[in-house]
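According to numbering that gives the first Met the number 0, the sequence shown is numbered sequentially starting from 0.
Beta carbons are placed, not taken as given, at the ideal position from N, Cα and C, and that holds for glycine.
Okay, so here's the structure we're looking at.
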Amino acid sequence: MFDYLESHALISDDTGYQIRKSCDFSPEAVKQPSQCTKAVEEAFKNTNFFDLYNIYAPNCFNQSVTAKPKPGSQCMLMSPNSPMTGSSATRISVEFGKIDHPPCFRF
Numbered sequence: 000m001f002d003y004l005e006s007h008a009l010i011s012d013d014t015g016y017q018i019r020k021s022c023d024f025s026p027e028a029v030k031q032p033s034q035c036t037k038a039v040e041e042a043f044k045n046t047n048f049f050d051l052y053n054i055y056a057p058n059c060f061n062q063s064v065t066a067k068p069k070p071g072s073q074c075m076l077m078s079p080n081s082p083m084t085g086s087s088a089t090r091i092s093v094e095f096g097k098i099d100h101p102p103c104f105r106f
């Protein structure tokens with residue numbers, strides 16, 4: 000996910016580098032170092048203002064839309080061969096507290 004954000008200039012090269020250098024997204028990782036946490040928080044701070052699933056779409060200004068996503072209203076679509084399937088994607092969401100519901104997977 001962070002490679003995608005960096006390659007589309009949605010996060011800075013420095014933030015992407017810090018994430019690659021300090022984060023361990025392997026299933027064996029129990030706790031991330033503070034450098035990783037700071038870099039991931041920076042990445043999420045920089046991506047709060049657009050839809051990560053459709054970065055070219057205009058912002059929605061519909062008054063009936065809630066500011067915070069409703070549980071189950073967003074879904075991560077991933078290939079079963081993606082390195083981010085299963086526990087890794089859920090770990091990012093839960094560990095960094097940015098999504099209050101688990102991603103769903105459709106294959």
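Short of 6 Å in beta carbon distance, which residues of its chain neighbour residue 14, apart from the five on each side in sequence? Order them along the chain. 38, 41, 42
So, helix, strand or coil for residue 38, using DSSP? helix
Pick from 28, 27, 53, 22 that is closest to residue 34, judged by C-alpha positions: 22
Excluding the 5 residues flanking residue 10 on each side, which residues of the same chain have their C-beta closer than 6 Å to its C-beta? 4, 42, 45
Secondary structure at residue 3, three-state DSSP: helix, strand or coil? helix
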